[in-house]
Amino acid sequence: MAITRRIWLAAALSALPLASSLPARAAEPVVVFAAASLKNALDEASALWTKDAGKAAPRISYAGSNALAKQIEAGAPADLFVSADEAWMDYADKAGAIRPDSRFNFLRNTLVLIAPADGSAASGVSLVPGLGPNLAKALAGGKLAMANTEAVPAGKYGKAALEKLGGWDAVKVQVAQAENVRAALLLVARGEAPLGIVYATDAAADPKVRVVATFPADSHPPIVYPAALIKTSANPDAGAFLAFLKSAPARTSFERQGFTVIGAPGGGL
């Protein structure tokens, strides 16, 4: 009986493929939660990563930094977070959701006033102190498209700039608040709002809008994008992808879209 059992086991094992002949299990893609304004540049950089490193294409979820930070706090399965401001990264840090030692300030951006490309509205608006009456006149009863001014970084920067320049009180009842900066951009691109406040990189990404003026850098807090690994991430490629974002090839992708890369020549600290 024992001999028969041994013969059966030997036959069964011999029918199995050798471990070395089994296909290797593909690594899970890196999951990135990123501010909506990063879409064009980060899509380009992630395509380079996929090609050059031979890795699975990262899965990137774009939204307002506030929404992403709260999803991460709630346990959303992400490996990496790139915020459009330091405040929401601080929020994720205080929630114990990121690896503080992996955090670094990544990019800078600028804030602009936009209008539909095929119109002539707002041609006389200057972003100077006391702009309220001129801005209200340029709106001509229409809406000023902005990301949510209490939560989304672009909206908070925009509100701060308008307050500093004396324009907020004149237009606040005309503000159409969107869930993120790309949604605000779309309102202007579709002609649903005669004016909008977005990042310069967003304006450059859509030929249906034009830049009317650029807000002075001192009219709002510095626009800084920090990045960090999520504490619960177990993906071995997450750290490598984060490091890749600091590389020269990735830097080119971000600079091409109009970002300033912190730490790069001329990019500051």
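Quick note on numbering: the sequence shown equals residues -26 to -1, 1 to 243 in mature numbering (1 follows the signal peptide of the UniProt record, and there is no 0). Ideal Cβ placement from N, Cα and C applies to all residues, glycine included. A quick note: this is a predicted structure, and the numbers were derived from the prediction, not measured.
Tell whether a beta-carbon distance below 8 Å holds between residue i and residue j.
i: residue 111; j: residue 150; result: no
i: residue 11; j: residue 176; result: yes
i: residue 106; j: residue 144; result: yes
i: residue 7; j: residue 200; result: no
i: residue 184; j: residue 13; result: no
i: residue 152; j: residue 139; result: no
i: residue 126; j: residue 54; result: no
i: residue 72; j: residue 203; result: yes
i: residue 223; j: residue 16; result: no
i: residue 109; j: residue 141; result: yes
i: residue 172; j: residue 82; result: no
i: residue 180; j: residue 1; result: no
i: residue 228; j: residue 32; result: no
i: residue 99; j: residue 187; result: yes
i: residue 121; j: residue 128; result: yes
Any idea if residue i is buried or exposed, counting beta-carbon neighbours within 10 angstroms, 16 or more meaning buried?
i: residue 90; result: buried
i: residue -2; result: Unreliable placement is indicated for residue -2, whose pLDDT of 43 sits below 50; the coordinate value is still reported in the next sentence. So residue -2 counts as exposed.
i: residue 164; result: exposed
i: residue 133; result: buried
i: residue 237; result: exposed
i: residue 168; result: buried
i: residue 130; result: buried
i: residue 67; result: buried
i: residue 78; result: exposed
i: residue 70; result: exposed
i: residue 86; result: buried
i: residue 41; result: buried
i: residue 124; result: exposed
i: residue 230; result: exposed
Any idea what DSSP makes of residue i, helix, strand or coil?
i: residue 224; result: helix
i: residue 87; result: strand
i: residue 12; result: helix
i: residue 22; result: helix
i: residue 219; result: coil
i: residue 170; result: strand
Residue range of the alpha helix (DSSP H) that residue i falls in?
i: residue 110; result: 106 to 113
i: residue 175; result: 174 to 179
Identify the continuous beta strand (DSSP E) that holds residue i and give its terminal residues.
i: residue 250; result: The structure shown does not extend to residue 250, since the chain is modelled only from -26 to 243, so the question has no answer here.
i: residue 187; result: 183 to 188
i: residue 78; result: 78 to 82
(message) Extract the residue ranges of the alpha helix (DSSP H) inside the region 120 to 168, only unbroken runs of 4 or more that lie entirely within it.
(response) Counting only runs of 4 or more, we get 127 to 138, 142 to 145 and 155 to 163.
(message) Give the list of continuous alpha helix (DSSP H) stretches no shorter than 4 residues that lie fully inside the region 28 to 76.
(response) Counting only runs of 4 or more, we get 39 to 47 and 60 to 68.
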